Each structure stands twice: as structure tokens, then as C-alpha cells.
Amino acid sequence: MASSKPGLFAREATGLVREVGFMLGVIVILSHVVGLGWQKRVFQFSGPMPLPNDMMPLGLPPMFWAFLVCGIFVLITGYAAGYVTAAMPRSGGGYVTISRVIHPIIGYIAGWLMFLAEAFSYGLIGVACFEAIMIFFNIALAPTVIAFDATTLFVGGLIVVWIFAI
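Written out as C-alpha cells, the structure reads:
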């Protein structure tokens, strides 16, 4: 008898069901793009001396133009990711599509890099929230210039992440 050898991407019943629809996909993409960036940068760039109106392109602030330009790239990326995901309706995220289109090792590395990027982003958001809390706290009590060292930012960000993880 001839035994058939399964292919590289043989699918067996795993019970995993892909449940990410259009709205959840849009929410996930927007939550990765509109996160720390606008919260921290808008505060920094609109601080004590905002840009005069006559220096703004078409009368709109530079942050608007930055979001517009980046939004175009996000739409293109979201469309491409949606198109590839629709062509391969399997659960597994970017690993499945990258491993099938490029190579399984590259998909494995990309999957871990996406995981690490997500973990690091939570740490950076925690540090930024701690920094904003301390800046607003000091502005409310006594408007002074403050500077944090790396250890203080790390511990404060860790506390913020710990509080929100509970």
C-alpha cells in the first residue's frame, strides 16, 4: 500500500475557530496605531508654546497631517493583511500567513517579534502614563521642571502596568 505523506501545511481538526470579523479587525488595528502616540506626542508638541496658526500648513496642526499620512499607510497595511487573511482563513495570526507565503522559520520569528513588540509597547505605555501622572501632579502643586532617571521611569511604569493588569 502506498502511504500518502502529509504536506507541509496539512490541516487537522484542532477545534480552533477564526472569530475575528471586520469590526474587531478595525478595532485591533486602530488600537495598535492610536495608542501612546497621540496621547504623549500631542501633549508634548502642544505644550507651553504651541505652533502659531500662520505657521500651520493649511491652518491645520502638524499632528493632523502626521495622522493623515500615517493613516494612509495603516489603511494600505490593513487592506493587505485583510486580503491575505481572507485568502488563508486559518487561526494563528501573522504566523500562518507569513509561514505560508515566505517560510515557516520566518513566520516563527515574526510571530515572536509581534509578541515581544506587544509586550514592550505595554511597558512603554506604562512608563508614559507614569510620566504624565507625575508631570500633572507636579504642575498642579508647583510648576517646576522635572526630570526622571531611567530607574524611576521603569519602576513607575511597572507599577502602572501592574495596576492595570489586576
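Under our numbering, the first residue of the sequence shown carries the number 5, and numbering increases by one thereafter. Just so it is clear, CB atoms sit at the ideal spot from N, CA and C, and this is done for glycine as well. In this text the structure is predicted, and so the values were computed from the model without any measurement.
Comparing C-alpha distances from ILE113 to each of GLY97, LEU128 and SER125 shows the shortest one belongs to GLY97. In this structure, ILE102 lies away from ILE109, with their beta-carbon atoms at least 7 angstroms apart. Setting aside the 5 residues that flank it on each side, PHE168 has no residue in the same chain whose C-beta is closer than 7 angstroms to its C-beta. Under the DSSP assignment, ILE167 falls in the alpha helix (DSSP H) whose first and last residues are 154 to 169. Beyond the five residues adjoining it in sequence on each side, LEU162 comes within less than 7 angstroms, by CB distance, of GLY130 in the same chain, given in chain order. Short of 6 angstroms from the beta carbon of VAL88, and not among the five residues preceding or following it, lie these beta carbons of its own chain, in chain order: THR101. Just measuring C-alpha positions, the residue of GLY115, VAL164 and GLY63 sitting nearest GLU135 is VAL164. A direct Cα-Cα distance of roughly 21 angstroms separates VAL105 from VAL78. For ILE102, the uninterrupted alpha helix (DSSP H) run begins and ends at 98 to 105, by DSSP.
Annotated three-state conformation of MET138 is helix, per DSSP. For the pair GLY115 and TYR99, the CB atoms are nearer than the 7 angstroms cut-off.
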